[in-house]
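Colleague: Chains as they are written, first to last, in the working numbering: chain L, 14 to 704; chain W, 101 to 510. Glycine is no exception: its CB is placed at the ideal position from the N, C-alpha and C atoms.
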């Protein structure tokens, strides 16, 4: 039987590094670098580096040339900083944190990176957007994956395309680097798309020419599947029949994140790609505004993606990226207003969140039983967040099968833990636990303390790296808190992403004391117990880890038929903000999802989740701007949408409604509505049959 | 099942394809009424005892009888579908030579025999190449193997199609044309015959080229359906589906008084492409197999129609955008031969549009502009080589498409 022992690194202190996921990967995770089943070859080791991180705090970057903003994000073939354990140890003496905030892995194919990018031609000019005569009234930017941006729902009345720019981040970079208009991947301009649409004999041909359906690529080819996430989302946000006048006033920017970035559901390699996406959207919106010659062009950004963990205080690096798009925008700016729409998340019942709130000052502990399933070929991550001024913070971990009293313990200002497998002298680490504090871009500690517990895959089939033991990991975090302060835990999502093969199995918290009857009661009461603050597993507070910033529209999902929250739709809590409103994400209890474009033109497909609720709000916002071009500064920030208010008879229900974003329900658009009416008939049939 | 009536009975009879189409036999013949199908032992015994009860004393011949004229194609109407199928298949194969004489240019050739002179009962034939094949090397197949792996990702998305296309996927063509065993029985029979013809020729080529299947190249292919035992190139499914697509589109177009849009033909071609690709997704074929199969199938489709003397410039496109342009660009009695050179296959993926575009078959080069599929100057497949039984069936099938107009065809 394999023996495990904890090793303690007292030198690696709080503040030794700024991105625990990068450290985890460099110290432990690299050996487990997973490939998808059937992957042909390992990707090259590439890193994305932000050479202008301070632009974030210096708002003048908006005035920089578009290419400079984008060009500051580069792909490198050498790891910027050595992050082995020895380096981490030395930071204790140097006092300078290993700055892993401004770079992370870039899981791209070599073909996506133009050669010698460092010397990229100065500011290659992007293609022109739409025709100058086109009446642009609003821009809708969709950041997603698997998007058929040549779908007929995004075509203009004249047979061209309403997509002005599309950036396929893991597309094949032009061989001539001087012609590259983006730092990696492939950009398609409106004219290129229109020319292909004009020239191609059928849609397969279009997708082939756009390199979106190329089976020579060592990638998931999502657009060959019946349903693709990005196409569905983009249709809900900005799809119109080519003849509809209103469509031509909606211009579209599409960004497809690299498929392997999307696939890594921990979000550990997402931040800088998302930053690249927002800078791109900003830069290309300006091109459109220039062409349209308008003083005020609204921009709606939809990003239907979610993470499980995060500070949940609006301070995730991705949230900062997105909020800088919306916050403090100058009304003289031609791109104005800007709205960001995100889904609330689908983790309400994922058993991935627990928190303990101090009723009175004193010692508190959050005691967790974290179930890590066997046969999981991806790592598992647990984040626990404490107040910055928590006294004597301490973590104790008991891995599965460890003898009684075998808990490893670290005081958070003194070290990290690594679980070593076997008796070999060379450490064979299978788990890592350490703490860091939120920092600003200058590396200053500014906020709460995060404990990351990262566990290697429990099944390793293609390397000699040892698997981590599956089963219940007991994690106890204790600290002295002031009144109302909390210790909160979130598990990163690890489930199968739509359109991809399953990589991971989702870990979850187990409440050993709960009995089946209680589960049933919770279910019947629609999980209305909104005041769980005692460390029990709770759906309230499970909000999307990148959707907790106050500046964004966070959209929950509801069932159209009975106006109840979709069972999975994540919620806020006393300490986590609530979703802004709800949009339809299921038609009824029986009929999941809503209909929108399938991968190919002329097809419809059903997809559910708060992912499909968000773009309906994006659409409503865009339509609102088309109808009523706001001119006063005051109007720019508040937009009245067509919503219905729900009422609740009891205070508890009112509270539940508020936390689940159900107080306001977005009235479905006509197209969605007519589908609903149709579905309703089906629904009734099914219901009659079953009961 | 009842869909595949008529000639599919023939496929059952041969059993060669292992296709589910076999059951079709009961459709047209068995269920057709008295005289068809087999008697059960009970029925047989009953008829025997009933005969004893009713016939009375033997009186010799007592019915007026008009003799058939020998060789009259109209006699076809009297035969059951499975027998008609044998008649036509035998005719079709009679003018083909399968030539295993490997040289630098080819490993296998198929030639057409064109009757020339008939002098005092003896006929001389000219032979001209219709198809030639040069097999890919193991190295070429290895390069193609990556595709079998990447396509495998679509297995779950396509499983319903793949599982229902293990036999002849006639419904997948039928739904495009709106075929029905009562309304279009001869069209169905014609389709089945074209399919069977394609199967036979494809198998002959497969045997000659003897190329190994993807699962022999890697233990990780693990196909999602039973791996067929015969060779991989050309793909039988691609050959059959493209033969059917070509024959059916020529059939519905081969009427001077109609103008059929290319919607039907396009759908048939795309369906054929999808059927072929589904086999790669399933893990049983390389894209190269589909390229060779599509080349062979499209050519065999035209050859089949030429043998029914049905080729020719098709109807004009009428209301179509390119009005006035002939839709079917075939020339009566002429078929373009095609060469497949698998040694140049490189890492080409299979796309229908590379081999069939604007109503015509196409040559295909690889990335380095070296020919993989090459169309040659058309050769003669004249009325002298017409199969009169096939012609009879072709005409019956055509009669099933009298009232079709452009508006409901595209």
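#1: What are the residues in the region 239-257 of chain W lying within 7 Å of chain L by C-beta distance?
#2: Grab me the residues of residue 321 of chain L's own chain with a C-beta within less than 7 Å of its C-beta, minus the 5 sequence neighbours each way, in chain order.
#3: Name, please, each residue of chain B whose Cβ falls closer than 9 Å to the Cβ of residue 462 of chain L.
#4: Is the CB-CB distance between residue 430 of chain W and residue 368 of chain W below 8 Å?
#5: For residue 363 of chain W versus residue 376 of chain W, is the C-beta distance shorter than 8 Å?
#6: State the Cα-Cα distance for the pair residue 412 of chain L and residue 537 of chain L, rounded to the nearest angstrom.
#7: Taking only the alpha-carbon atoms, compute the straight-line gap between residue 155 of chain W and residue 146 of chain W and give it to the nearest angstrom.
#8: Leaving out five residues on either side along the sequence, give the residues of the same chain with a beta carbon under 7 Å from the beta carbon of residue 357 of chain W.
#9: Quick one: using the 10 Å Cβ neighbour count with 16 as the cut-off for buried, is residue 238 of chain L buried or exposed?
#10: Who are the neighbours of residue 184 of chain W on chain L, taking C-beta pairs under 7 Å?
#11: Does the structure place the region 194-211 of chain W close enough to the region 299-318 of chain W that three or more beta carbon pairs sit under 8 Å?
#12: Can you pull the chain W neighbours of residue 346 of chain L, defined as C-beta to C-beta under 9 Å?
#13: Please list, in chain order, the chain W residues whose beta carbon lies closer than 9 Å to that of residue 234 of chain L.
#14: What residues in the region 433-449 of chain W bring their beta carbon closer than 8 Å to a beta carbon of chain L?
#15: Using a C-beta cutoff of 8 Å, does residue 313 of chain W count as contacting chain L?
#16: With a threshold of 8 Å between beta-carbons, can residue 418 of chain W be considered close to chain L, or not?
#17: Determine whether the beta carbon atoms of residue 214 of chain W and residue 493 of chain W lie at a separation below 8 Å.
#18: In chain W, which residues lie less than 8 Å from residue 239 of chain L when you measure between Cβ atoms?
#19: When the Cα atoms are used, what is the spatial distance from residue 519 of chain L to residue 362 of chain L?
#20: Could you check where the alpha helix (DSSP H) with residue 144 of chain W kicks off and where it finishes?
#21: So with CB distances below 7 Å, who are the chain W contacts of residue 228 of chain L?
#22: Using the Cα positions of residue 162 of chain W and residue 433 of chain W, report the straight-line distance between them to the nearest angstrom.
#23: Do you know how far the Cα of residue 433 of chain L is from the Cα of residue 225 of chain L?
#24: Enumerate in chain order the residues of its own chain whose CB-to-CB distance from residue 429 of chain L is below 6 Å, with the five nearest sequence positions on each side excluded.
#25: Which one of L/203, L/496, L/563 and L/62 has the shortest CA to CA distance from residue 301 of chain L?
#26: Going by DSSP in three states, residue 668 of chain L sits in which element: helix, strand or coil?
#27: Could you check if residue 345 of chain L is buried or exposed, using at least 16 other CB atoms within 10 Å of its CB as the buried criterion?
#28: Taking Cβ-Cβ distances below 8 Å as the criterion, which residues of the region 491-503 of chain W are in contact with chain L?
#29: Below 7 Å CB to CB, which residues in the same chain sit around residue 589 of chain L once its five sequence neighbours on both sides are set aside?
#30: State the DSSP-derived secondary structure class of residue 324 of chain W, mapped to helix, strand or coil.
#31: Which partner residues does residue 21 of chain L have in the DSSP bridge list?
#32: Quick one: what does DSSP say residue 447 of chain L is sitting in, helix, strand or coil?
#33: Nearest-angstrom Cα distance between residue 707 of chain L and residue 479 of chain L?
#34: Applying the criterion that 16 or more other CB atoms from any shown protein chain within 10 Å of the CB defines a buried residue, is residue 263 of chain W buried or exposed?
#35: Bridge partners of residue 62 of chain L, per DSSP?
#36: Does the CB of residue 285 of chain W have a neighbour CB from chain L at under 8 Å?
Modeller: Quick answer:
#1: Taking 7 Å as the Cβ-Cβ cut-off, the region 239-257 of chain W approaches chain L at 246, 247, 249, 250, 251, 252, 253, 254 and 257, given in chain order.
#2: Taken in chain order, the residues that qualify are 360, 365, 503, 504, 505, 506 and 558.
#3: As a matter of chain content, chain B is missing from the structure shown, whose protein chains are L and W.
#4: No, these two residues do not count as a Cβ contact at 8 Å.
#5: No.
#6: Taking the straight line joining both Cα atoms gives about 35 Å.
#7: The straight-line gap from Cα to Cα measures roughly 14 Å.
#8: In this prediction, residue 357 of chain W scores a pLDDT of 41, lower than 50, which makes its location untrustworthy; the coordinate-derived value is nonetheless stated afterwards. For residue 357 of chain W, where only same-chain residues beyond five positions count, there are no Cβ hits under 7 Å.
#9: A residue is called buried once 16 or more other Cβ atoms fall within 10 Å of its Cβ, and residue 238 of chain L is buried on that count.
#10: Those do not exist, as residue 184 of chain W stays about 37 Å from chain L at its closest Cβ, beyond 7 Å.
#11: Contact between the region 299-318 of chain W and the region 194-211 of chain W is present, because at least three Cβ pairs lie under 8 Å.
#12: Going along chain W, no residue has its Cβ under 9 Å from residue 346 of chain L, so there is no contact; the nearest lies around 44 Å.
#13: Simply 250, 251, 253 and 254.
#14: So the close ones are 447 and 449.
#15: Closer than 8 Å to the CB of residue 313 of chain W there is not a single CB belonging to chain L.
#16: Only weak support exists for where residue 418 of chain W lies, its pLDDT of 44 falling under 50; the coordinates are left without a value.
#17: Going by C-beta atoms, residue 214 of chain W is not nearer than 8 Å to residue 493 of chain W.
#18: Chain W residues near residue 239 of chain L: 257.
#19: Rounded to whole angstroms, residue 519 of chain L to residue 362 of chain L spans 12 Å at the Cα level.
#20: Under the DSSP assignment, residue 144 of chain W falls in the alpha helix (DSSP H) whose first and last residues are 141-154.
#21: Chain-order list of chain W residues neighbouring residue 228 of chain L: 247, 250, 251 and 449, by C-beta distance under 7 Å.
#22: When rounded, the distance between both Cα atoms is 48 Å.
#23: Whole-angstrom Cα-Cα distance: 43 Å.
#24: Cβ within range, chain order: 22, 25 and 447.
#25: Here the closest residue by C-alpha is L/203.
#26: Helix at residue 668 of chain L.
#27: Exposed.
#28: Residues passing the 8 Å Cβ filter: none.
#29: Contacts found: 325, 554, 556 and 561.
#30: Residue 324 of chain W falls in the coil class under three-state DSSP.
#31: For residue 21 of chain L, which the question treats as bridged, DSSP gives the partners L/430.
#32: Strand, per DSSP.
#33: Outside the displayed range of chain L (14 to 704) lies residue 707 of chain L, so it cannot be described from this structure.
#34: Around the Cβ of residue 263 of chain W, a 10 Å sphere holds fewer than 16 other Cβ atoms; the residue is exposed.
#35: DSSP lists L/87 and L/116 as the beta-bridge partner residues of residue 62 of chain L.
#36: No, because no Cβ of chain L sits closer than 8 Å to the Cβ of residue 285 of chain W.
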